[in-house]
Each structure stands twice: as C-alpha cells, then as structure tokens.
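In what follows, a structure is listed as structure tokens, so that the remarks can point back to it.
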Amino acid sequence: MLERMKLALDAGRTGIWDWNLITGEVHLDARVRTLWGLTPEMPANLDVFRRALHPQDKKRTKEAIEQALDPACQDDYESEYRVIGLTDRVERWVSVRGRTFFDGGRAVRIVGTVRDVTERKHREQHVHNLLRELVHRSKNLLAVVQAMSRQTATGAGSIDDFQRKFSARLQALSMAHDLLISHDWRGASMHELARAQMAYCLDVEAGEIAQHARIDGPRLMLKPEAAQNIGLALHELATNALAYGALSYDCGEVSLSWRLDNGRFLVEWRESGGPRVSPPGREGFGHKVIKRLVPQALDGETTLNFSPEGFVWTLSAPASWVMVK
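full-length UniProt numbering puts the sequence shown at residues 1 to 325.
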C-alpha cells in the first residue's frame, strides 16, 4: 500500500509535508525539499518555511495558515503561492493543500501535499497577457476602422463605391491581424505581409506574385502596430498601381524592398513600365494613408515621387518597430 501511494505521488509530482504544532517539528519529503531549495543537511522548520516565501505572498499565506488553525473553520487548508529556493534561488509557484487535526479545540498537527504549478501559472500569465493585449489592440482597431469608414465615405462617389473600397480596406486590415494572431501577437513577417497584400490586390495566388512584382528584403518581424499600418499602406499602394499606375499596363512592374540602416527601417515601393503619373488633383484616403497617417503612426517620414519613370514611395521609421528573425 505504501509503495502504491509513493508511485501515485511520484506520478502526480506531489510532495508531502507534516507540521507538528506541539513540537514545532516540520517534516518535508525529498520533493518538497527540492521545491524549497533545501539540501539534505538543512533543517526543516517554520523559520525555513517563512524565509523561502516570496515577499509579496507572505501576508496572504500567513492569513491562510491562521484560518486553517481556527477550530471554527471546517475547510481544509488550500493555497497557492511563490517560493524562492533557499540555495538555488529559483522562483517557483506551488499549490499547497493540508488538513488540520485538533485535540480539545486546539490545533496540534497539519498534514498535506505540495505540487509544483509553475508551468501552469506561466501559461495562465501568458493567456492573461494575450487577453490584455487583445483588448488594447481591439480598441486601436475600432479607432482605425472608424477613421477608415469616415474617410472612405468622404471620397466615395456612391454607396456601391463606398462598400467596395471600405470592404477592401477592411480585408487588408484583417490580413495583417491574421498574421499577428498566427504569431501570438508578437509580430508579423514583413515577407508574409507583403505577399498577402499583393496577392489579394492583384487577385492572384501567392506563387504568381513574381509575375507582377519583385519583393526583396531581409527576414524580419514587424511589431503589431507597424504591421497594421504598413499593411494598410501596401494595400493602398497596390490598389493605386493596379488602377492608375504601373500594374495597369501589361508590361508594368512593381518593386518592393526594405532594409535596416543606421537604426532606421527603410521601405521603398518603386513602379516602372507604366503610364506617366502626376500628383492627384484631390487627396483621397489612400493618399492620406501613405503620405501622413503611416509616418505619424510610426514616428517616421515618407516621400512621394511622381517621376516620369514611375511612382516611388519611401518610408523611413525607427528600427525599433522591427525584430530581425
């Protein structure tokens, strides 16, 4: 029976502790000693237990123990807190359960178990951080969508025109967010973002993009806000090139490149082989995106060059917006 119990405890990665409240003696098995960072020679007592507690958890742990010692309390002792190993200084989360035994209304002994729940706590914290980030990003996203709606409505010639343009811009925003979600909101690959936006605007498969555009740059990840804004810029650039620029001609071509240089993230969109271009007579939402909104969001600068050879757009932003793979 004892052997089966030991096997079960080992399988559950569970340790046993026993606190004699009359003598003050504390017994810890090998697993609990490891969690508390104790060597076999070190004594186990209440002082050792207290010294290993994380400073931020001492107060509530003390309150939980006092409640367990109260004869009026019928519940078992149960708590989760952090300990810092006395020798290895490793911080761990532990889940502790115990039962108090009373003699004449006086607590005389507590026996219980300890489990290492550090990995679970880290997973919970990761989920908490993701949810907090999601709330933050959702608020930003709603603000962007509202701005897109207003600006698209201002420049739309009809309800159908508004619906078409607004739906396309929402899709561009959605693709950037899909990439962010696939990477747990850590960022989005610049290559993946560029290929996704180009494939959508050109209505081709990703493998066919090379027939229309050259995409070149180092492998790097864009931070979420950068991915969102650059994704919108690429959508507007590709849509405009298809309607009025290089991609409106069969022989036209687009080159998209990026690099890191002296602490700056540099992006260039260059068109060639298309019709002669000139600055637009009226500044629509797409023009505002590539000229003002993106550089403002990323604390950068842009240039727009309507040269006879083809339209060129550049972005220079702090390299802190990217992470090299």
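We treat Cβ as the ideally placed atom computed from N, Cα and C, and that holds for glycine.
Note that this is a predicted model, so its numbers are computed, not measured.
Roughly how far, in whole angstroms, is the beta-carbon of residue i from the beta-carbon of residue j, given that I think they are within contact range, below 8 Å?
i    : j    : result
A246 : M221 : At roughly 28 Å, the Cβ-Cβ gap does not stay under 8 Å, so A246 and M221 are not in contact.
M190 : W269 : Not quite, the Cβ-Cβ distance comes to about 13 Å (not below 8 Å), so this is no contact.
A194 : I181 : 18 Å between Cβ atoms; not a contact.
F265 : W321 : 6 Å
G112 : V96  : 6 Å
G286 : T239 : 7 Å
F306 : P279 : 5 Å
V83  : L53  : 6 Å
Count the other C-beta atoms from every protein chain shown that fall within 10 angstroms of the C-beta of residue i, then say buried if there are 16 or more, exposed otherwise.
i           : result
L46         : exposed
A243        : exposed
Y200        : buried
I110        : buried
A72         : exposed
M323        : exposed
K165        : buried
E192        : buried
T61         : buried
F311        : buried
residue 401 : Absent from the structure is residue 401, since the part of the chain shown begins at 1 and ends at 325.
H212        : buried
R219        : exposed
A68         : buried
V127        : exposed
V303        : Rather than Val, the amino acid found at residue 303 in this sequence is Thr. Exposed, because fewer than 16 other Cβ atoms sit within 10 Å of the Cβ of T303.
Q197        : buried
T23         : exposed
A30         : exposed
G15         : buried
R92         : buried
Just to confirm, is the Cβ distance from residue i to residue j under 8 Å?
i    : j    : result
L38  : V26  : no
G284 : E271 : no
L237 : I290 : yes
G104 : D76  : no
A172 : G217 : no
L35  : D88  : no
V114 : W19  : no
E78  : V94  : no
L21  : V108 : yes
M130 : D184 : One point to set straight first is that residue 130 is Leu, not Met, in the sequence displayed. Taking 8 Å as the Cβ cut-off, L130 and D184 qualify as a contacting pair.
L86  : R51  : yes
Relative to the C-alpha of residue i, which residue among the options is closest?
i    : options                   : result
P318 : Q67, I159, H128 and E225  : E225
L315 : S79, E301, V322 and F306  : E301
A233 : Y249, H212, N262 and V267 : V267
Q228 : S158, A64, R169 and G310  : R169
T119 : S307, R13 and N262        : Note that residue 119 corresponds to Glu in the displayed sequence, not to Thr. Among S307, R13 and N262, the Cα nearest to that of E119 is on R13.
K288 : I159, E66 and H235        : H235
R186 : E133, M175, I159 and D161 : E133
H177 : H122, G157, I159 and K223 : K223
R106 : E66, Q125, H122 and R123  : E66
T100 : D57, D70 and D250         : D70
P308 : N262, P295, V277 and L293 : V277
Helix, strand or coil: which one does DSSP assign to residue i?
i           : result
N129        : helix
T23         : coil
Y200        : helix
N262        : coil
R31         : helix
R97         : strand
V289        : helix
T314        : strand
D75         : coil
residue 330 : Because residue 330 is not part of the residues shown, which for the chain are 1 to 325, the question remains open.
M42         : coil
D87         : At residue 87 the sequence reads Thr, which differs from the Asp that was named. Reduced to three states, the DSSP call for T87 is coil.
S255        : strand
R282        : coil
R214        : strand
G15         : strand
V103        : Inspection of the sequence shows that residue 103 is occupied by Asp rather than by Val. D103 falls in the strand class under three-state DSSP.
W321        : helix
Taking only heavy atoms of the ligand ADP into account, decide whether any of them is closer than 7 Å to the Cβ of residue i.
i    : result
R195 : This structure does not include the ligand ADP; it has no bound ligands of any sort.
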